[in-house]
Amino acid sequence: MGTLRNSVHLIGRPGADPEIKKFGERKHASFRLATNEKHYNEKMELVQETEWHHISAWGKTAEIVEKIVKKGRLMALEGRLQTRQYEDKDKIKRYVTEVVMDEFMLIDRMSNDDDQKEDAE
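Every position in the sequence shown, counted from 1, becomes a number in this note's numbering once 22 is added.
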């Protein structure tokens with residue numbers, strides 16, 4: 023078991039375009055990713071449940087995310103879980119668990135409308 027490590031693999035869709043911030047010369051991208059699970063309940067009705075994950079990317083990965091990740095595009099990613107803490111405006115300590123993304127790939131292709139929008143920019 024010595025080769026096991028903190029690793030997360032997800033396939034889902036961003037709920038919004040990534041938020042990009044700059045810390046010195048290093049970029050940071052963050053967004054929420056929706057993953058869906060389908061199953062049948064006790065009445066044999068198909069139920070879809072959505073789970074939202076906080077995604078974070080740094081450096082070169084964040085620069086690529088900024089260019090090509092858009093709301094609703096199906097993507098696969100690999101990263102690691104990380105928990106951080108902060109104080110909210112009321113001085114209450116809060117904890118956030120997020121996936122720090124190392125690699126990703128888009129699974130769906132952009133539509134022609136998206137291609138034309140990028141050409142216009």
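For each residue, glycine too, the CB sits at the ideal point set by N, CA and C.
Q. On the three-state DSSP scale, how would you describe alanine 98?
A. Of the three classes helix, strand and coil, the one that applies to alanine 98 here is strand, per DSSP.
Q) Can you give the Cα-Cα distance for alanine 56 and glycine 46, rounded to whole angstroms? A) Alanine 56 and glycine 46 have their C-alpha atoms some 30 Å from each other.
Q.
Using only the alpha-carbon positions, how far apart do glutamate 41 and glutamate 59 sit?
A. Going from the Cα of glutamate 41 to the Cα of glutamate 59 covers about 26 Å.
Q. Between the region 91 to 109 and the region 118 to 127, do three or more beta carbon pairs fall short of 8 Å?
A. Three or more beta-carbon pairs separated by less than 8 Å link the region 91 to 109 to the region 118 to 127, which places the two stretches in contact.
Q) Do the CB positions of leucine 128 and arginine 106 come within less than 8 Å of each other? A) Their beta carbons are not under 8 Å apart, which means leucine 128 does not touch arginine 106 by this criterion.
Q. By Cβ distance, which residues of its chain are closer than 7 Å to glutamate 143, with the 5 residues on each side in sequence left out?
A. Residue placement at glutamate 143 is poorly supported in this model, since its pLDDT is 41, which falls under 50; the coordinates still yield a value, given next. For glutamate 143, where only same-chain residues beyond five positions count, there are no Cβ hits under 7 Å.
Q. Terminal residues of the continuous beta strand (DSSP E) containing glycine 81?
A. Under the DSSP assignment, glycine 81 falls outside any beta strand (DSSP E), being part of the alpha helix (DSSP H) whose first and last residues are 81 to 90.
Q) What does DSSP give as the partner residues of methionine 123 in its beta bridges? A) DSSP lists Gly101 as partners of methionine 123.
Q) Ends of the beta strand (DSSP E) at lysine 43? A) From DSSP, the beta strand (DSSP E) with lysine 43 extends over 41 to 45.
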